[in-house]
Structure formats: structure tokens, C-alpha cells
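Structure record follows, encoded as C-alpha cells.
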Amino acid sequence: MKPYLVAAAARWFSLLLFTLSLVTLHAGPLPNPAPREDFWVTDGTVLSLLEHNGQLYVGGAFSSVGPNTGKGAIFSNAQSTPNLNWPKLRPRVHAAVSDGTGGWYVGGASFSDYQAGNAVRYLFTHLTNDRTIDADFNLQVGGEVYTLLRDGDTLYVGGNFIDIGGADRGYVAAIDLTTGTVKAWNPDMNLY
């Protein structure tokens, strides 16, 4: 047999063995592509991964790696890592204000919904003092929430919206926190 045919056959056989080894490696079910909530995340793009002796080396265009907290986190003065008993707010948080009892009102921005823990809320939610979503507070907002101000039992909401809680309000609204409804106050800030 001619040497170039032996070399070609050897390359073909090596490619066949490599392909069979890949098929054998993936004979079981494919891994779940959804990200795991308990994995740590980076604040930028991951460009390379290398596992060696049980260690994972991560490289890329990022400056820090830490626990997945979503778009908000809570820290205490006594700890340097965030309290992970906090709902993962997505995609962005623009404003948060204390409810006066250890909980928070939180406003965000997106053209889609965000998920706060296991409860879906639209751009605006109330986290109770035990860090769960207040099931009774669910005002739909027709746009982004940029700022919140609490004055006693009134929560003022500002943002790029034209309705909130079923009431027509241009950019600002007042929420009665005792009832969870929109107050009659309406300065009609519609700029158009």
C-alpha cells in the first residue's frame, strides 16, 4: 500500500474514533441549559474556562465574581457578603424605599416583566420584612418606575408611565398604602 494512502486511512480512522468517543460521552441525556441560581456570576463576559484538579479557572472581561443576587442585594454592617435570603429581582432596579417595617417597595424598568423570587411582578413590587413578595400588593404599571418616595401611608411613584393600578396617571402617582390603591391625587404631568 502506498504511504500517502496509509496516512489518509490513519487520519480517517483517528477522526472516526474521535467522533465515536464524542457520541459515547453524550449517550445520556443532555444537560439542562438553564443557569443554576446557586452558581456565582461575573459582572461581565466570560471568555474562557479551564477545569484542573477540581478547580475552575475563569477568565474574561469582568472585574468581579460573586453570588447570584439578581439586580438587588442587601448587606449588613457585620458581613462582607450579601444576604442571599433576598428575592432575585430582574432585570433592573431603579428605586427602592423602606416600608417602615423592615420591608421595601421596589421599582424597576424593562419592556418585559421581571421576576421577583417566584412571584411575577410588573416593574413594581413590595418585599415584606421576611424578604418575600407581598401577595396583596400587585399594582400593574404601564411603563418604567424610576423613583419612589414614602410619606407616611402614601407612596409617591415617578417614572415613564401613563397608567398605574388601572388609573390613568402621567408620570407620577400616589398610592394609598393602607388600601394598596391609587389615590385621587393627579397632577397630570402628561408632557404631550
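In this text, residue positions in the sequence shown follow our numbering: the first is 756, and each later residue adds one.
For every residue, glycine included, the Cβ atom is placed at its ideal position computed from N, Cα and C.
The structure displayed is predicted, hence computed values, not measured ones.
- Rounded to the nearest whole angstrom, the C-alpha separation of W795 and Q810 is 14 Å.
- Within its own chain, the residues whose Cβ lies closer than 7 Å to the Cβ of G913, once the five positions on either side in sequence are excluded, are Y901, T902, Y926, V927, listed in chain order.
- With distances taken between CA atoms, D885 lies nearest to T856 out of T856, L910, G907.
- Cβ contact annotation for G898 (same chain, cutoff 7 Å, sequence separation greater than five): G914, N915, F916, I917, in chain order.
- When V937, L904, V820 are compared, the shortest CA-CA separation from F892 is found for V937.
- Separation of I919 and T887 (C-alpha to C-alpha, rounded to the nearest whole angstrom) is 22 Å.
- A straight-line Cα-Cα distance of about 16 Å links R924 and T909.
- N808 has its alpha-carbon roughly 44 Å from the corresponding atom of L878.
- Between the alpha carbons of N941 and A929 lies a gap of roughly 8 Å.
- When the alpha-carbon of V852 is set against those of Q895, V896, D931, R905, the nearest one is in R905.
- In the same chain as W859, and ignoring 5 residues on each side of it, the C-beta atoms closer than 8 Å to its own belong to A851, V852, S853, H881, L882, in chain order.
- With fewer than 16 other beta carbons inside 10 angstroms of its own, G907 counts as exposed.
- For T933, same chain residues with a beta-carbon under 7 Å away, outside a window of 5 residues either side, are D908 in chain order.
- Going by C-alpha positions, V813 is about 33 Å away from G862.
- When DSSP states are grouped into helix, strand and coil, A864 belongs to the coil group.
- With respect to the C-alpha of A890, the residue from G935, G921, V848 having the closest C-alpha is G935.
- Counted as a single uninterrupted DSSP element, the beta strand (DSSP E) harbouring L904 occupies residues 896-906.
- In summary, V896 is buried, with 16 or more beta-carbon neighbours lying within 10 Å of its beta-carbon over all protein chains present.
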